[in-house]
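A.B. asks: Dropping a structure here in structure tokens format, bear with me for questions.
There are 2 protein chains.
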Amino acid sequence: MATLPSGTLGTLDPASDRAVFRQIADQIRDAITKGRFTEGAKLPSEAELVEHYGVSRMTVRNALGVVQGEGLVRAEHGKGVFVRPRPPVRRLASDRFARRHREAGRSAFTVEAEAAGSRPEVDSLEIREERPSADVSTRLGGPRRVLARRRRYLLDGRPVEFAASYLPLDIAQSTPITEPNPGPGGIYARLEEAGHTLDRFDEEIRARMPSPHEIRALELAPGVPVIHLIRTAFDTAARPVEVCDTVMAADAYVLAYQLPAT
Amino acid sequence: MATLPSGTLGTLDPASDRAVFRQIADQIRDAITKGRFTEGAKLPSEAELVEHYGVSRMTVRNALGVVQGEGLVRAEHGKGVFVRPRPPVRRLASDRFARRHREAGRSAFTVEAEAAGSRPEVDSLEIREERPSADVSTRLGGPRRVLARRRRYLLDGRPVEFAASYLPLDIAQSTPITEPNPGPGGIYARLEEAGHTLDRFDEEIRARMPSPHEIRALELAPGVPVIHLIRTAFDTAARPVEVCDTVMAADAYVLAYQLPAT
DNA sequence: CTCCTTTAGATATCTAGACAAGTTACTGTG
DNA sequence: CACAGTAACTTGTCTAGATATCTAAAGGAG
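Quick mapping for you: the protein sequence lines, in order, are chains A and B.
Using the UniProt record's numbering, read the first sequence as starting at 1 and increasing by one per residue.
Using the UniProt record's numbering, read the second sequence as starting at 1 and increasing by one per residue.
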């Protein structure tokens, strides 16, 4: 019933051949990107938009569905539709696996998050032996069994990443790598102690929309893609000693790399 | 009217508290990922799904909207809904700017695409002087004017990437960099000839959903994110000499990096 | 005052139908 | 045979409701 703040949203162009719900979506998107609705602000309710534009509710919902799909707004059942705040971003530097970062007694994730003023958490830690997938097996040089370590990372209670590490069983067994807490410096430190001095990492990066499982595990809002990173660690004998498969909420990460211009 | 091939899609569970359109979407997704619908195959028409599930057409369309948003299928007006084929993927190696790749007379994109058996194309080449954005200016050390080179890359007629290079005007002016074709080895070769031997590149990678403009420029299907890469090139005097802002169709790229374990 | 109930308002889901517009195949005419 | 027209089928858009469920605020009982 309350009228809209004048000027925040315009009117429809009946002459346009652009669908009505798209015109409405355009205006909402425009109002957000131009700052007429600020972060966290509540959009007019569906009923108000119905009144303002003189269309049916389904048309308004269709328009809201578009801007929801773009990740601009989030609907909360019973409360309203709100402009999505931009979450804080975690920056992954390309030297994050350098040996000098491996000395501390805690994991890289923990140290880095606390330095950035966030509260880090690791959960769903699962460690087991298993038969590797074809892809993992290929990357690791074809072992028949691997040790898999799966875990999920959270910042301030929000899940941002989950990862699975796979190591050839003959390397990992009878080392602390099979323990939930592998000790200071993490599994890379243990690998080096076991004689596998690390030489280089290969990383492959893809971006795509999440699967339903990933949406649940990362509590992703609609319209947020994931970054899929597959890292292979090689020792100085050029043997692959670990494959780490990581899925990150794309709105929480920036990856940074330094390349020599050799 | 035609009945569905038996077994491709199941039935609804009225006892489930999962919304009907989500159950239908789940079944379609499942049928695709399990290969019961292959790439390019036509899904049952909306009318057939209405009949099969005994629901209204809007509910079926809602379900189809879900799997469309996930990028699994593409609707073609008047024809039907089809399983999206996986496009060929272009792999960007981390040594793609190594000097040894800079000798050829043609651009890296052209050479690499032809080697992979694709037909490369570059269009919308625009070269002009302009005032840099705040972000570009910061990355370049604060020049007041820059040379901007914008272009779009296509493979087999499909746009896959567009990019803008920014160079401080005092470096770029009176070099072939201001020409549409900067000559063999590209602008990096010209920079080195002008005394700016390249030392390293910094790259920042983000993934997000595309803006409407990006959807048009890359002809993106719904549910396809973009990879946003910002590269800064530094010369041996540690001066930033180029910023390249690249937006790529995420379904067409894999980025590969090699990191030393130093 | 505290706690529970009610109520109003918000989004979520679903129905049944209408017309528009693109695609394909058939049909009949020249 | 060539071709224009047409019919059937497809997705796209929109309407006008209905019921369900969640949230928050108001009001009443103790």
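Heads up, the beta-carbon is just placed ideally off N, CA and C, and yes, glycines get one too.
As the structure is a computational prediction, the values presented were derived from the model and not from experiment.
(1) If you compare alpha carbons, which of Val89(A), Ala134(A) and Leu140(A) is closest to Ala116(A)?
(2) Between the Cα of Pro210(B) and those of Asp30(A), Val66(A), Thr110(A) and Glu70(A), spot the shortest distance and give me the residue it belongs to.
(3) For Tyr166(A) versus Ala148(A), is the C-beta distance shorter than 8 Å?
(4) Need the endpoints of the alpha helix (DSSP H) that His52(B) sits in, please.
(5) Whether or not the stretch 216 to 225 of chain A and the stretch 53 to 61 of chain A are in contact is what I'm after, with contact meaning three or more pairs of Cβ atoms, one per stretch, closer than 8 Å; do they touch?
(6) Just to confirm the assignment, what range does the alpha helix (DSSP H) spanning Ala113(A) have?
(7) Which runs of the alpha helix (DSSP H) fall wholly inside the stretch 52 to 107 of chain B and span at least 4 residues, in chain order?
(8) What residues of chain A sit near Ala207(B), judged by a beta carbon separation below 7 Å?
(9) Taking a cut of 8 Å between CB atoms, which residues from the stretch 96 to 127 of chain A lie near chain B?
(10) Between Leu169(A) and the rest of its own chain, which residues show a CB-CB distance below 7 Å, the 5 nearest in sequence each way excluded?
(11) Three-state secondary structure (DSSP) at Asp30(B)?
(12) So, at 6 Å on beta carbons, what are the nonlocal neighbours of Ile187(B) in its own chain, with the 5 sequence-adjacent residues on each side left out?
(13) Which residues in chain A have a C-beta closer than 9 Å to the C-beta of Glu193(B)? List them in chain order.
(14) Note the first and the last residue of the continuous alpha helix (DSSP H) segment covering Asp170(A).
(15) Can you name, in chain order, every residue of its own chain whose Cβ lies under 8 Å from the Cβ of Leu155(B), other than the five neighbours on each side?
(16) Counting only the same chain and skipping the five closest in sequence on each side, list residues whose C-beta sits under 8 Å from that of Glu39(B).
(17) Please compile the residues from chain B whose C-beta is within a distance smaller than 9 Å of the C-beta of Glu203(A).
(18) Which bits of chain A does Arg200(B) rub up against, with CB to CB less than 7 Å?
(19) If you draw a straight line from the alpha carbon of Ala13(A) to that of Val73(B), how long is it in whole angstroms?
(20) Label Pro159(B) either buried or exposed according to how many other C-beta atoms from any shown protein chain fall within 10 Å of its C-beta, with 16 as the threshold for buried.
(21) Between Glu242(B) and chain A, is there a C-beta pair that is closer than 8 Å?
(22) For a quick check, are the C-beta atoms of residue 280(B) and Arg239(A) less than 8 Å apart?
(23) With DSSP as the reference, identify every bridge partner of residue 309(B), one or two as the case may be.
(24) Give, in chain order, every residue of the UniProt domain "HTH gntR-type" (18 to 86) of chain B whose Cβ lies closer than 7 Å to some Cβ of chain A.
(25) Could you check whether Cys244(B) and Ala172(B) sit closer than 8 Å to each other, using their CB atoms as the reference points?
(26) Out of curiosity, what's the CA-to-CA distance linking Gly195(B) and Thr236(B)?
(27) Are the beta-carbon atoms of Pro225(A) and Ala250(A) separated by less than 8 Å?
(28) Put Glu192(B) into one of helix, strand or coil per three-state DSSP.
(29) Whose C-beta lies closer than 8 Å to the C-beta of Ser107(A) among residues of the same chain, with five residues either side of it excluded?
(30) I'd like to know whether the C-beta atoms of Val60(A) and Glu76(A) end up nearer to each other than 8 Å.
(31) Along the chain, where does the beta strand (DSSP E) containing Arg149(B) start, and where does it finish?
(32) Distance check for Ile28(B) and Leu9(B), CA to CA, integer angstroms please.
(33) Identify the continuous alpha helix (DSSP H) that holds Leu218(A) and give its terminal residues.
(34) State the Cα-Cα distance for the pair Val136(B) and Ser94(A), rounded to the nearest angstrom.
(35) Do you know offhand how far His213(B)'s Cα is from Leu125(A)'s?
(36) Tell me where the alpha helix (DSSP H) around Ser16(B) begins and ends.
C.D. replies: To lay it out plainly:
(1) For the purposes of this step, residue 116(A) is identified with residue 116 of the first sequence, where counting begins at 1. Checked all of Val89(A), Ala134(A) and Leu140(A); the closest Cα to Ala116(A) is Val89(A).
(2) Looking up residue 210(B) in the second sequence gives position 210. Residue Glu70(A) is the option with its Cα nearest to Pro210(B).
(3) For the purposes of this step, residue 166(A) is taken as the residue at position 166 of the first sequence. For the purposes of this step, residue 148(A) is taken as the residue at position 148 of the first sequence. Contact flag set, yes.
(4) Counting from one through the second sequence, the residue named residue 52(B) turns up at place 52. Here the alpha helix (DSSP H) through His52(B) covers Glu46 to Tyr53.
(5) no
(6) Walking along the first sequence from the start, residue 113(A) turns up at place 113. For Ala113(A), the enclosing alpha helix (DSSP H) begins and ends at Ala108 to Ala115.
(7) 57 to 69
(8) Here residue 207(B) refers to the residue found at position 207 when the second sequence is read from its first residue. Near Ala207(B) (Cβ distances below 7 Å), the residues of chain A are Ala207, Pro225, Ile227 and Ala250.
(9) Phe97, Ala98 and Arg99
(10) Along the first sequence, one-based indexing puts residue 169(A) at 169. Once the five neighbours on either side are set aside, the close Cβ partners of Leu169(A) are Glu129, Pro143, Arg145, Val146 and Leu147.
(11) Against the second sequence, residue 30(B) aligns to sequence position 30. Three-state DSSP puts Asp30(B) in a helix.
(12) Position 187 of the second sequence, counted from the start, is the residue given in the question as residue 187(B). Counting only Cβ-Cβ distances below 6 Å, and skipping sequence neighbours, we find Ile177.
(13) Counted from its first residue, the second sequence places residue 193(B) at position 193. Within chain A, no residue comes near Glu193(B); the closest Cβ sits about 15 Å away, beyond 9 Å.
(14) Stepping through the first sequence from its first residue, residue 170(A) is reached at position 170. From DSSP, the alpha helix (DSSP H) with Asp170(A) extends over Leu169 to Ala172.
(15) The residue labelled residue 155(B) in the question sits at position 155 within the second sequence. Taken in chain order, the residues that qualify are Pro88, Arg90, Ala113, Ser118, Arg119, Pro120, Glu121 and Ala252.
(16) Numbered from 1 along the second sequence, position 39 holds the residue referred to as residue 39(B). Same-chain partners within the cutoff: Val83, Arg84, Pro85 and Arg86.
(17) On the first sequence, residue 203(A) is found 203 positions in, with the first residue counted as 1. Per Cβ cutoff of 9 Å: Ser94, Leu255, Ala256, Tyr257, Gln258 and Leu259.
(18) Looking up residue 200(B) in the second sequence gives position 200. Think of a sphere of 7 Å around the beta carbon of Arg200(B): the chain A residues whose beta carbon falls inside it are Gln258, Leu259, Pro260 and Ala261, in chain order.
(19) Position 13 of the first sequence, counted from the start, is the residue given in the question as residue 13(A). Position 73 of the second sequence, counted from the start, is the residue given in the question as residue 73(B). Note that residue 13(A) corresponds to Asp in the displayed sequence, not to Ala. Approximately 31 Å between the Cα atoms of the pair.
(20) Reading the second sequence from its first residue, position 159 is the one you call residue 159(B). When all chains shown are included, Pro159(B) counts as buried.
(21) For this step, residue 242(B) is matched to residue 242 along the second sequence. Not closer than 8 Å to any Cβ of chain A, the Cβ of Glu242(B) fails to qualify, so no.
(22) Within the shown structure, residues of chain B are numbered from 1 to 262, placing residue 280(B) beyond reach of any answer.
(23) An answer regarding residue 309(B) cannot be provided, because it is not within the stretch 1 to 262 covered by chain B.
(24) Of all residues in the UniProt domain "HTH gntR-type" (18 to 86) of chain B, those with a C-beta nearer than 7 Å to a C-beta of chain A are Gly69, Glu70 and Gly71, reading in chain order.
(25) Numbered from its first residue, the second sequence carries residue 172(B) at position 172. Numbered from its first residue, the second sequence carries residue 244(B) at position 244. Their beta carbons are not under 8 Å apart, which means Ala172(B) does not touch Cys244(B) by this criterion.
(26) On the second sequence, position 195 is the one that residue 195(B) refers to. On the second sequence, position 236 is the one that residue 236(B) refers to. Each residue's alpha carbon lies about 10 Å from the other.
(27) Your numbering for residue 225(A) matches position 225 in the first sequence. Your numbering for residue 250(A) matches position 250 in the first sequence. In contact: Pro225(A) and Ala250(A) (Cβ atoms closer than 8 Å).
(28) Walking along the second sequence from the start, residue 192(B) turns up at place 192. Correct three-state label for Glu192(B): helix.
(29) Stepping through the first sequence from its first residue, residue 107(A) is reached at position 107. If we look at Ser107(A) and ignore the five residues flanking it on each side, its Cβ neighbours are Val122 and Gly186.
(30) Against the first sequence, residue 60(A) aligns to sequence position 60. Against the first sequence, residue 76(A) aligns to sequence position 76. The criterion of a C-beta distance shorter than 8 Å is not satisfied by Val60(A) and Glu76(A).
(31) Sequence index remark: in the second sequence, residue 149(B) carries index 149 (1-based). Val146 to Leu155 is the span of the beta strand (DSSP E), which, as asked, contains Arg149(B).
(32) Along the second sequence, read from residue 1 onward, the residue named residue 9(B) stands at position 9. Along the second sequence, read from residue 1 onward, the residue named residue 28(B) stands at position 28. So the alpha carbons of these two residues sit roughly 7 Å apart.
(33) Taking the first sequence and counting its residues from 1, the one referred to as residue 218(A) is at position 218. Note, Leu218(A): alpha helix (DSSP H), Pro212 to Leu218.
(34) Within the second sequence, the letter at position 136 stands for residue 136(B). Within the first sequence, the letter at position 94 stands for residue 94(A). The straight-line gap from Cα to Cα measures roughly 21 Å.
(35) Counting from one through the second sequence, the residue named residue 213(B) turns up at place 213. Counting from one through the first sequence, the residue named residue 125(A) turns up at place 125. Roughly 42 Å between the two C-alpha positions.
(36) On the second sequence, residue 16(B) is found 16 positions in, with the first residue counted as 1. Premise fails: Ser16(B) is in no alpha helix (DSSP H) and is neither H nor E.
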